[in-house]
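Residues in the sequence shown are numbered from 94 upward in steps of one, following my numbering. What follows is a single structure, written as structure tokens, with notes after it.
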Amino acid sequence: MEIKRGIAVSPGVAIGPALVLDTELYRIPQRFIEPGSYPDEITRLRTALKLAADEARENQRIVSEKIGEQYGGIFQAHALMIEDPGLRTEIESLIRDQGFTAEYAVSRVMRRRAKMLESLNQAYLSARAADIFDLERRILKYLLGRRQEQLHKLKQPVILLAHDLTPSETAELDKQYVLAFATEVGGKTSHTAIMAGVLGIPAVVGVGRFLTEVSGSDQVIVDGNKGLLILDPDVDTLEHYEEARRTFVHFEEELAELRDLPAVTKDGVEITLLGNIEFPEEAAACLERGASGVGLYRTEFLYLGRKEDPTEEEHFQAYSHVVKQMPGKPVVIRTLDLGADKFSSVTDPHSQERNPFLGVRSIRLCLRNLKLFKTQMRAILRASALGDVRIMFPMISTLLELRQSKMILADVMDDLEDEGIPFNRKLPIGTMIEVPSAAIMADRLATEVDFFSLGTNDLIQYTLAADRTNENVASLYNAADPAVLRLIDLVLKAAKNANIPVTVCGEMSGDPIYTLLLLGMGVRQLSATPHNIPEIKKLIRSIEMKEATEVAEQVMRMDTARNITNFLREKARRFLPEAL
Ligand code: PEP
Ligand code: MG
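So, in structure tokens, the structure goes:
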């Protein structure tokens, strides 16, 4: 058994067979053959080895002709490795003696060899490990008949293990078949992580290298509460996790009972809990989890897996679907925040930027592409005739960007008026505060908008210069860092002076560790991923505001993220031991 520690990004526990995705998405369908059928399996293996070696020799010929024999030699070495009698004997004995399928035996042997090379810690030999993976893929290709598994076509439950998953791959996962996933890279608030939460799939990211140590169909456990990936669990661990899984399900059921109760502290302070959504269908999940509206509708997902921009009508259909499900409840629609780790599409010609998080992302992209921006604004305004729609601009970093955006919105309003199309001319206009410059200028921005929404996911990364998707800086990337908290405090005070509401909508708002602190700092509106809402509500209903204020006062006197996190975890554990 091996326990790997990563970053917990979506709660829950899952136990099941691994589906190891490499870049070509091959999977090992099963681990064992029928007893006694090994002669056929060995024949299959030998055929695949021969075809893979032939392919390597053909590559050798082509590459030698094109760019020279010294390069062709690389493939000659591949062919020799595949033809190595020692390799064949090792694989065949696993098939014969252990009853493994040819695919599983190949994967086991090749990965063992690659791992040995990697462990030697020499750059040259580690690079050879990559060659071995390449050979594994080649042999599997012939065994599996070029079968490339599409993630959304899974037919049996698995635990997905991958180097990385893109947000769009994650969005396509089917919860019925993907019990959980774990990735080698990634950070707490990457969009892959957020998608896992949205889908309710337990997930751990940023585990570091582990794919060499696991083969498809191996039994694994993902503990999305503690951020653990357990390979090859022993009997005691399996029993412990079966129990943990049952407890988690029970806790979730208990929370579901809170749905129709208000989010009010024991001393009567009412907190507004709203939902963050990405897809129109999630409006239902918000209501189910007891949200009193949509505090953040991320609209990038309309661009998911498409080659062409969505039309105004497509935007409108999506927004009106949400608004109609939320009669009398606010729906804050955020204009496009494409770029950086959000999918690039044909709309995003800047995906090759050297530093996309600091590049033409989000509002910057929209202000350079007015057709795109206005198309979306028209749809949002049309939806405003149907309910309590509010518009919000992301990634505002200067006053001028906000003013420009508002001017464009006013233009679009005039157009709609000329065309006789109904909309709400008084729809509230807000801005995200997620760039440090905006937080510093919050007092000025506050006089020009109707509301603020604190995007802590980005505010943290830009304040601490720590990429939200990079596991190597995950220890720096911390909502409890005093620098981040000072900026939040500044924004809350500016909003209070200008008498405008503030919602916190980054992942921090759905993490119970921070609830006492945020309330104590003066936050009265939180917008979180729907599945986090019941837990936050339970916590709010078990505290008094006096306790929250004291916590905030103490925290603001502390000077390191580590001390603050430990202190907050201890406090929150008192009220919500099951979750922490
Ligand atoms: C944020 O940055 O906190 C936020 C809510 O926006 P996103 O996660 O979509 O960047
Ligand atoms: Mg953001």
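Even glycine gets a Cβ: it sits at the ideal position worked out from N, Cα and C.
Problem - Closer than 7 Å: Cys-379 CB and nearest ligand 1 heavy atom - result: no
Practice task
Would you give the residue range spanned by the beta strand (DSSP E) that Val-595 belongs to?
Solution key: 595 to 597
Problem - Cβ contact check for the region 592 to 605 and the region 318 to 328: 3 or more pairs under 8 Å - result: no
Handout entry: Where the alpha helix (DSSP H) containing Leu-502 begins and where it ends
Key = 492 to 511
Practice task
Give the secondary structure of Lys-97 by DSSP, where H, G and I count as helix, E and B as strand, and everything else as coil.
Solution key: strand
Exercise for the section: Go ahead and label Phe-466 buried or exposed: buried means 16 or more other beta carbons lie within 10 angstroms of its beta carbon, across all protein chains shown. Expected result: So Phe-466 ends up on the buried side.
Problem - Spatial neighbours of Val-415 in its chain, beta-carbon cut-off 6 Å, leaving aside the 5 residues before and after - result: Pro-373, Ala-376, Val-424
Practice task
Take the Cβ of Gln-618 as the centre, count every other Cβ of all protein chains shown within 10 Å, and call the residue buried at 16 or more, exposed below.
Solution key: Label assigned to Gln-618: buried.
Practice task
Can you have a look at Phe-125 and say buried or exposed, based on whether 16 or more other CB atoms are within 10 angstroms of its CB?
Solution key: Phe-125 is exposed by the Cβ-count criterion.
Exercise for the section: Note down the Cα distance separating Phe-274 from Ala-591, rounded to an integer number of angstroms. Expected result: 44 Å
Handout entry: Pair within 8 Å by beta-carbon distance, Lys-268 and Val-102
Key = Contact: no.
Exercise for the section: May I ask you to check if the CB of Asn-550 is nearer than 7 Å to at least one heavy atom of ligand 1? Expected result: yes
Handout entry: Local Cβ density within 10 Å of Asn-565, reported as buried at 16 or more and exposed below that
Key = exposed
Exercise for the section: Could you tell me whether the Cβ atoms of Met-470 and Thr-524 are closer together than 8 Å? Expected result: no
Exercise for the section: Take Thr-631 as the anchor and find which of Asn-563, Glu-541, Arg-352, Glu-262 has the nearest alpha-carbon. Expected result: Note that residue 631 corresponds to Lys in the displayed sequence, not to Thr. Selected option, being the one with the closest Cα: Arg-352.
Practice task
Report the three-state DSSP secondary structure of Pro-670 (helix, strand or coil).
Solution key: coil
Problem - Where the beta strand (DSSP E) containing Arg-427 begins and where it ends - result: First-last of the beta strand (DSSP E) with Arg-427: 424 to 427.
Exercise for the section: Excluding the 5 residues preceding and the 5 following Met-506 in the sequence, name in chain order all residues of the same chain whose CB lies nearer than 8 Å to its CB. Expected result: The answer, listed in chain order, is Leu-474, Phe-516, Arg-518.
Handout entry: Spatial neighbours of Tyr-235 in its chain, beta-carbon cut-off 6 Å, leaving aside the 5 residues before and after
Key = Excluding sequence neighbours, Tyr-235 sits near Ala-141, Leu-144, Ala-145.
Practice task
Let me know the secondary structure DSSP gives Phe-168 once reduced to three states.
Solution key: helix
Practice task
Decide yes or no for the touch test of the region 306 to 316 against the region 245 to 261: beta carbon pairs closer than 8 Å, at least 3 of them.
Solution key: yes
Handout entry: Contact test: Pro-487 Cβ vs ligand 2 heavy atom, cutoff 7 Å
Key = yes
Practice task
Below 8 Å CB to CB, which residues in the same chain sit around Asn-571 once its five sequence neighbours on both sides are set aside?
Solution key: Ile-553, Leu-557, Val-577, Ala-654, Thr-658
Problem - Segments assigned beta strand (DSSP E), at least 3 residues, entirely inside the region 523 to 582 - result: 544 to 547
Problem - Which residues DSSP lists as bridging Val-113, in chain order - result: Checking the DSSP bridge columns, you'll see Val-113 partnered with Leu-254.
Exercise for the section: Answer with yes or no whether the minimum CB distance from Asp-582 to chain B is below 8 Å. Expected result: Absent from the structure: chain B. Only one protein chain is present.
Handout entry: Residue of Glu-405, Leu-661, Ala-411 minimising C-alpha distance to Met-601
Key = Closest by alpha carbon: Leu-661.
Problem - Start and end residues, alpha helix (DSSP H) containing Phe-409 - result: Unbroken alpha helix (DSSP H) run through Phe-409: 405 to 418.
Practice task
Using 7 Å as the cut-off, classify the Cβ of Asp-430 as near or not near the heavy atoms of ligand 2, replying yes or no.
Solution key: yes
Exercise for the section: Going by DSSP, name the residue or residues bridged to Asp-685. Expected result: There is simply no residue 685 to check, as the chain begins at 94 and stops at 673 in what is shown.
Exercise for the section: Flag Glu-265 as yes when its Cβ comes closer than 7 Å to any non-hydrogen atom of ligand 2, and as no otherwise. Expected result: Checking every heavy atom of ligand 2 against the Cβ of Glu-265, none is found closer than 7 Å.
Problem - Alpha-carbon to alpha-carbon, Ile-175 and Gly-165 - result: 16 Å
Practice task
Would you check whether ligand 2 has a heavy atom nearer than 7 Å to the C-beta of Glu-527?
Solution key: Yes - ligand 2 has a heavy atom lying nearer than 7 Å to the Cβ of Glu-527.
Practice task
Can you check DSSP and say which residues form a bridge with Leu-304?
Solution key: In DSSP, Leu-304 forms no bridge with anything.
Exercise for the section: Identify, in the order they occur along the chain, each residue of the same chain with its Cβ nearer than 7 Å to the Cβ of Pro-355, setting aside the five sequence neighbours on each side. Expected result: Glu-363
Handout entry: Cβ contact check for the region 379 to 390 and the region 444 to 457: 3 or more pairs under 8 Å
Key = no
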